[in-house]
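First the structure, in the form of structure tokens, and then the observations on it.
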Amino acid sequence: MISKKIQDALNEQVNKEFYSAYLYLAMSAYCDGIGLPGFSKWMRFQYEEEIIHVTKMYDYILSQGGDMHLQQIDEPPKTYGTPLEIFETTLAHEQMVTKRINDLMGLAMDERDYATQTFMQWYVTEQVEEESNVNNVLQPLRMVGEDKGGLMMIDQQLGQRLAPTPPVAAQ
Ligand code: FEO
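Numbered by the numbering used here, the letters in the sequence shown go through residues 961 to 1131 in order.
As structure tokens, then:
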């Protein structure tokens, strides 16, 4: 079982993960619209990653007998600027998510909720990977600047990203 405090915090995080999915789907559409199919595919898979994050948390809440409250999802922006700006926005967003995950872990520790701490550890590890993946794109983007040939090369590389593994039930 989980306390109401943990249940409500997890429900809020489900909403934020849905927003992340929405944000990356909007970015995927935007990249498609500006002629960057590789960036678009990368963001589409990032959207699918977020659906995995959502589903895993949803399953956990239900498995602990918690109430699921699916809340309204904020509308993401329609435009995101240059490829560099897209990934700077992405990094800032993931850093915000990391802070939220850390706060959730802190709450589980305050509540002496060991099951939720174990569950949240997966997200702590996942956020290290999320930030690293974004930084790995930001570095070459900063190097090529406005150079169109360089951007096309990065677009090709991003288009090789593999689809994430499908959602799994709560552990
Ligand atoms: Fe669900 Fe990208 O963090």
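Every residue, glycine too, gets a C-beta built ideally from N, C-alpha and C.
Treat the numbers as computed from the prediction; the structure is a model and nothing was measured.
Using a Cβ-Cβ cut-off of 7 Å (strictly less than) and excluding sequence neighbours within five positions of residue i, which residues of its own chain qualify?
i, result
"residue 1101", "1043, 1044, 1047 and 1114"
Going along the chain, which residues of its own chain have a beta-carbon closer than 6 Å to the beta-carbon of residue i, five neighbours each way excluded?
i, result
"residue 983", "1036"
"residue 1021", "970 and 1028"
"residue 1013", "977"
Could you have a look at residue i and say whether DSSP puts it in helix, strand or coil?
i, result
"residue 1135", "What is shown of the chain runs 961 to 1131, which leaves residue 1135 out entirely."
"residue 1040", "coil"
"residue 1035", "coil"
"residue 1028", "coil"
"residue 1063", "helix"
Going by the CB atoms, is the gap between residue j and residue i shorter than 8 Å?
i, j, result
"residue 1073", "residue 963", "yes"
"residue 966", "residue 1068", "yes"
"residue 1004", "residue 988", "yes"
"residue 1064", "residue 1094", "no"
"residue 1058", "residue 1087", "yes"
Taking residue i as part of the alpha helix (DSSP H), name the residues at either end of that continuous run.
i, result
"residue 1120", "From DSSP, residue 1120 is part of no alpha helix (DSSP H); its letter is neither H nor E."
"residue 1102", "1074-1104"
"residue 987", "964-993"
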